[in-house]
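Here is the structure we will look at, set down as structure tokens.
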Amino acid sequence: MKIQSLSVSVPNKKCINNCAFCVSKMHSEDYKNQMDGNLPFYDLYYEDYVKRLEFARDNGCNTVVLTGNTEPQQNREFLKLFGIINKSLEKPFRKIDIQTTGVLLDENYLRFLRNHVGVSTVALSVSDLFDSKNNGEINGTPKSLLVDIPKLCSLIKKYDFTLRLSLNLNALYNGRSAACVFKKAKELGANQITFRELYISGTDTPQDEWIKKNLISREFLTELNSYILEKGKFLRVLEYGHKLYSVDEMSVVVDDDCMSKRGKEELRYLILRPDCKLYSSWDDKGSLVF
Ligand code: SF4
0 MKIQSLSVSV PNKKCINNCA FCVSKMHSED YKNQMDGNLP FYDLYYEDYV KRLEFARDNG
60 CNTVVLTGNT EPQQNREFLK LFGIINKSLE KPFRKIDIQT TGVLLDENYL RFLRNHVGVS
120 TVALSVSDLF DSKNNGEING TPKSLLVDIP KLCSLIKKYD FTLRLSLNLN ALYNGRSAAC
180 VFKKAKELGA NQITFRELYI SGTDTPQDEW IKKNLISREF LTELNSYILE KGKFLRVLEY
240 GHKLYSVDEM SVVVDDDCMS KRGKEELRYL ILRPDCKLYS SWDDKGSLVF
């Protein structure tokens with residue numbers, strides 16, 4: 000079995016944002032947080048947690064993605080602990096990504112992520128690359144914590160993280176050309192871009208409704224794909240069948256399967272939940288590995 004990436008779901012009670020398209024809000028979340036030092040069996044669970052990390056490492060996994068149903072940086076204590084545990088592993092994870100909208104990230108926090116936690120890639124989830132205010136509104140970020148996208152990107156580059164812009168495609172991009180999106184991403188210092196088609200669960204949630212009303216147009220997607228084919232250089236096929244291209248010295252993926260519903264013939268992707276157990280699917284408790 001070869002596991003290519005391990006998503007670590009960082010425990011938090013409630014997300015500080017309220018993204019209009021939030022996948023996490025489409026599913027109920029009831030995994031107990033056993034990584035809580037105040038609980039009676041913490042020592043046992045701590046060992047369980049380490050065991051799961053080691054299991055992923057034993058199976059060839061070298062990449063951790065810090066993520067979850069909230070913003071990982073809401074729980075600095077947990078990230079601190081993760082950094083310590085990872086360093087204590089016989090073979091620590093070398094590549095650590097954090098998935099975030101950037102809320103709460105200032106220079107001090109970025110330095111902590113880089114130096115203590117060992118994060119190497121910041122995957123910045125952006126709903127409007129051209130307007131931080133619109134972006135904050137779609138992401139439901141509290142007004143007092145609005146993310147200034149250019150400022151944050153410049154800090155991310157100051158600490159020499161790999162900057163991946165994860166663009167949540169919605170109607171705001173309709174009418175824009177692919178060329179202007181790439182130009183903007185380049186200006187912001189992006190090394191990588193993921194174009195994410197938003198996930199519709201098919202269960203008539205408010206998030207489904209929002210996505211349907213704010214759908215990215217077929218025209219944009221067609222133009223985007225043609226642009227990538229014309230200007231880009233094919234690099235390789237990724238684990239879920241997406242093709243990776245290099246465009247203007249940025250690596251680019253168009254992701255139309257952000258819930259990873261395809262390509263499950265082999266276990267390539269695992270999730271470590273705060274209950275200290277490994278799962279292979281975000282929305283199915285039956286996917287428990289151990
Ligand atoms: S940041 Fe993530 S978890 Fe939080 S509301 Fe947005 S999509 Fe949901």
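Quick note on numbering that gives the first Met the number 0: the sequence shown kicks off at 0 and runs consecutively. Where is the CB? At the ideal position from N, CA and C, for every residue including glycine.
Rounded straight-line distance, which links the Cα of residue j to that of residue i
i: Pro-273; j: Glu-229; result: 44 angstroms
i: Val-246; j: Tyr-45; result: 43 angstroms
i: Cys-18; j: Gln-33; result: 27 angstroms
i: Phe-77; j: His-115; result: 12 angstroms
i: Leu-112; j: Cys-179; result: 31 angstroms
i: Ala-177; j: Met-249; result: 14 angstroms
i: Thr-221; j: Val-253; result: 11 angstroms
i: Tyr-158; j: Val-118; result: 11 angstroms
i: Phe-20; j: Ile-270; result: 21 angstroms
i: Val-64; j: Asn-224; result: 27 angstroms
i: Ser-280; j: Ser-124; result: 21 angstroms
Residue i in three-state terms, based on DSSP
i: Glu-229; result: helix
i: Asn-133; result: helix
i: Val-251; result: strand
i: Cys-238; result: A quick correction: the sequence has Glu, not Cys, at residue 238. Coil.
i: Ser-165; result: strand
i: Tyr-158; result: coil
i: Ile-84; result: helix
i: Ala-122; result: strand
i: Tyr-30; result: coil
i: Arg-75; result: helix
i: Leu-197; result: coil
i: Thr-140; result: coil
Of the residues the options, the one placed nearest residue i, counting alpha carbons only
i: Ile-215; options: Asn-190, Thr-193 and Asn-167; result: Asn-167
i: Lys-12; options: Ala-184, Leu-80 and Lys-24; result: Lys-24
i: Cys-275; options: Leu-43, Ile-2 and Asn-16; result: Leu-43
i: Asp-283; options: Tyr-30, Cys-14, Lys-185 and Gln-3; result: Tyr-30
i: Leu-237; options: Ile-227, Arg-267 and Tyr-226; result: Arg-267
Cβ contact (3+ pairs, closer than 8 angstroms) linking the stretch 64 to 83 and the stretch 5 to 13: In the pairwise beta carbon analysis, the stretch 64 to 83 is classified as touching the stretch 5 to 13: at least three pairs are separated by under 8 angstroms.
Can you confirm whether the stretch 127 to 141 touches the stretch 163 to 171 when touching is taken to mean that 3 or more C-beta pairs between the two stretches lie within less than 8 angstroms? Contact between the stretch 163 to 171 and the stretch 127 to 141 is present, because at least three Cβ pairs lie under 8 angstroms.
Stretch-stretch touch, CB-based, cutoff 8 angstroms, three pairs: the stretch 188 to 208 with the stretch 147 to 164: The way I'd put it, the stretch 188 to 208 does touch the stretch 147 to 164; three or more beta-carbon pairs between them come closer than 8 angstroms.
If you pair each beta-carbon of the stretch 90 to 100 with each one of the stretch 52 to 65, do three or more pairs fall below 8 angstroms? Of all C-beta pairs linking the stretch 90 to 100 to the stretch 52 to 65, three or more are shorter than 8 angstroms, placing the two stretches in contact.
Below 8 angstroms, can you find three or more Cβ-Cβ pairs linking the stretch 148 to 155 to the stretch 196 to 204? The stretch 148 to 155 makes no contact with the stretch 196 to 204: fewer than 3 CB pairs, one atom from each, lie closer than 8 angstroms.
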